[in-house]
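With this note's numbering as the guide, the letters of the sequence shown map in order to residues 909 to 1117. Where a beta carbon is used, it is the ideal one built from N, C-alpha and C, also for glycine. Below: the structure, in structure tokens.
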Amino acid sequence: MQKVSLYPTLAETIQNAKKQPIPAERKAVLEVLISYIQSKLDQGQNVNLNFICTHNSRRSQFSQIWAQTVADFHGIPANCYSGGVEVTAFNDRAVSSLKRSGFRISYKENGSNPIYSVFYSDESDPIIAFSKVFDDPANDALHFAAVMTCDHADENCPFIPGTERRIPVRYEDPKAFDGTDLEAEKYDERSLQIASEMLYVFFQVQMRD
């Protein structure tokens, strides 16, 4: 395992995520992603994962950031991207949730679509996050798995150019709780679920390698 000095609060969040139960039916969903990653590693090929939801604002951003963090933590070479079918912005509620999880985040203005630098360690390069379409030049991969994180994108994007494998890993949208007393709790709950499942995925890959 690559030695990565995670920020203390983030390390605590990861320990908490490891304790989250993953139902058998979710493990079956995640097995497709695990098998794809393992097959690429077995062939000595790059692992490129593009997490896609409609607006690239919440679930796909959570997924990219947690997947890249966990892959680096386990020393598994993977390039994790995210995108959508239209550009909006990385939702500030999701950004706040990641900060509560222990990530350190800075940003630069870019009109209505700020560009965020997300750090899990002082020793790491930042994960660059902003809303973009799935084939934005920032997603520098010709061959990738399209990991569909929302039902709308999965059902309304029948064809995604460049995709080697289409893998539905859908999550409920915390947007439903925007403006309610449960807002922060539900964003943190979804982030923790995604963290837990990405930890499971890359741990399984590490164990099978």
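Strand pairing of residue i, partner residues [DSSP]
i	result
G992	V1041
A1054	N958 and R1074
I1035	V1026
I1013	V1026
N1021	The partner list for N1021 (beta bridge, DSSP) is empty, contrary to what the question assumes.
N987	N956
CB-CB length for residue i against residue j, believed under 8 Å
i	j	result
N964	K1040	6 Å
V955	I942	Their Cβ separation, rounded to whole angstroms, is 11 Å, which puts V955 and I942 out of contact at 8 Å.
S1099	S1004	So it is not a contact: roughly 10 Å between Cβ atoms.
T921	A1103	7 Å
R934	E1097	The Cβ separation is near 15 Å, so there is no contact.
G1070	D1043	7 Å
Contacts around residue i, its chain only, beta-carbon distance under 6 Å, and the 5 residues preceding and following it disregarded
i	result
E939	none
I1035	I973, Q976 and V1026
S1055	Here the sequence assigns Val to residue 1055, which means Ser is not the residue at that position. Around V1055: L957, F959, I1075 and V1077.
Y1015	P1022 and Y1024
F970	S1099 and I1102
R1001	Y1095
S1029	V912, S913 and L914
Q928	S1104
Buried/exposed call for residue i, threshold 16 Cβ in 10 Å
i	result
P916	exposed
T1088	exposed
N924	exposed
E1031	exposed
D980	buried
F1011	buried
Top-ranked residue by Cα proximity to residue i, from the options
i	options	result
V912	V978, R966, G1019 and K1094	V978
N1018	P931, T996, D1096 and Q928	T996
Y1108	R1074, T962, L957 and A936	A936
I1068	R967, E1080, F1052 and V1077	F1052
E994	N924, T962, R1012 and S1014	T962
Y1079	Q1112, K1094 and S1004	K1094
D1059	E1097, R967, K927 and R1012	R967
L1050	E1072, A919 and F1111	E1072
P1045	P1082, D1033, G991 and D1081	G991
R1008	F1111, D1033, F1110 and A919	A919
T1057	I1013, Y989 and G1010	Y989
8 Å Cβ cutoff, residue i in contact with chain C
i	result
S1004	Judged by its chain identifiers, the structure shown contains no chain C, having just a single protein chain.
Sequence-distant residues of the same chain with beta carbon closer than 8 Å to residue i, five excluded per side
i	result
S1020	A997
V1113	I942, I945, Q946, L949, H982 and I984
I930	L938, S1104, E1105 and Y1108
M909	At M909, the pLDDT of 43 sits below 50, so the modelled position is not reliable; the number obtained from the coordinates is stated separately. Contacts found: F981, H982, G983 and Q1114.
A932	none
I1013	V1003, L1006, K1007, Y1024, S1025, V1026 and F1027
Cβ neighbours of residue i in the same chain (closer than 7 Å, five flanking residues each side left out)
i	result
F1085	E1091 and K1094
N999	S965 and R966
P1082	R966, K1094, Y1095 and R1098
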